[in-house]
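Visitor:
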Amino acid sequence: MKSFLKAFTVCVVLPFVLFSCDDDDNYIDSSELENVALISTATVGGYTIELYSEDALATGYNNLYFRVLEGSDVVDISEMSIMPIMHMTMMDHAAPYSQPTRMEEFEDYFAGYTVFIMPSGEMGTWDIEFDITTMANETISGMFEAITVASSWRLTSVTSENDQNYYVTWYAPENPKTGDQELTVMVHKRENMMSFPAVVDAEVTIYPWMDMGGGSGHSTNFEEPVAMGEGMYTGSINYSMSGTWTTEVTVVDGDETIGTVLFEYSVIAQ
Ligand SMILES: [Cu+2]
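Residue numbering for the sequence shown follows this note's numbering, starting at 5 and increasing by one per position.
Right, here's the structure in full:
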């Protein structure tokens, strides 16, 4: 009886336990990110590193997703760091950005962002340099070279009364439409050409309006943004009409008025 139980445990119960443990502990979600486009690839040390984003890259905020392949297999990595850099005739400069971290839902990918502050073209080219640490603790360095960055309405800059340069970026709504939605802008300071820290405790006020022509216009319902950390300021906006809207954003940091910028964009009917 005892030996029968033991055999039963080993043959029937144990494999079940092992497999279920395996599922729980080593499960890697290899599902592919949806609605992203391959922007660039880099090949280094036998690895292919892929860069994805939702859309073609443009000035302002861009999500960046990275994946490492060896042949056609996805390779797990322990760490990744990046540095976006623009090479111009007289100088190089970076941009506001975040270091990529592993995505919780899509473990094959690391995700971060960059706020591109200029389009690529005649003025210069953008590279994204990277370091990857493999599971074997080997460091691989490379870069996505000469990536295309288009211009967009989502990035503005302003020089403060103390002669400091700031970037104000439209984060949300990504595609403005009629009705109520979250409004988020980001504020970064140009400390020097390589350092663009987030401004975390500014006071941000907005004023949206629609020019109806012939000297008339109107605003709409909105809530002033409040600081959410990491340079993000979130309020809301309820567009009453589709068409061309202008939103004025004023940033005050302590005693210093950083300035006022304008975002002009179109709102679609939903
Ligand atoms: Cu530049």
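Ideal Cβ positions, reconstructed from N, Cα and C, are used throughout, including at glycine.
Since TRP130 is in the beta strand (DSSP E), which residue starts that stretch and which ends it?
Guide: Taken as a continuous stretch (DSSP letters only), the beta strand (DSSP E) holding TRP130 covers 128–138.
Visitor: Within the present structure, is the beta-carbon of MET92 separated from the nearest heavy atom of ligand 1 by less than 7 Å?
Guide: MET92 Cβ: within cutoff of ligand 1.
Visitor: Report the rounded CA-to-CA distance for SER102 versus GLY217, giving the unit in angstroms.
Guide: Roughly 42 Å separates the two Cα atoms.
Visitor: Could you name the residues of the same chain whose beta carbon sits closer than 8 Å to that of VAL78, not counting the 5 residues immediately before and after it, in chain order?
Guide: Excluding sequence neighbours, VAL78 sits near SER34, ARG71, VAL72 and ASP112.
Visitor: With a Cβ-Cβ cutoff of 8 Å, do THR163 and ILE121 count as a contact?
Guide: It is not a contact, given that the beta carbons lie outside the stated cut-off.
Visitor: Do you know how far the Cα of LYS193 is from the Cα of MET147?
Guide: Between MET147 and LYS193, the C-alpha separation is close to 25 Å.
Visitor: So what does DSSP say about PHE148, is it helix, strand or coil?
Guide: PHE148: strand per DSSP, three-state reduction.
Visitor: Just how far apart, CA to CA, sit PHE200 and ALA206?
Guide: C-alpha separation (whole angstroms): 15 Å.
Visitor: Let me see if you follow: with CB-CB separation under 8 Å, is TYR237 close to chain C or not?
Guide: The structure shown has no chain C; it contains just one protein chain.
Visitor: Please classify THR224: does DSSP put it in a helix, a strand, or coil?
Guide: Coil at THR224, not helix or strand.
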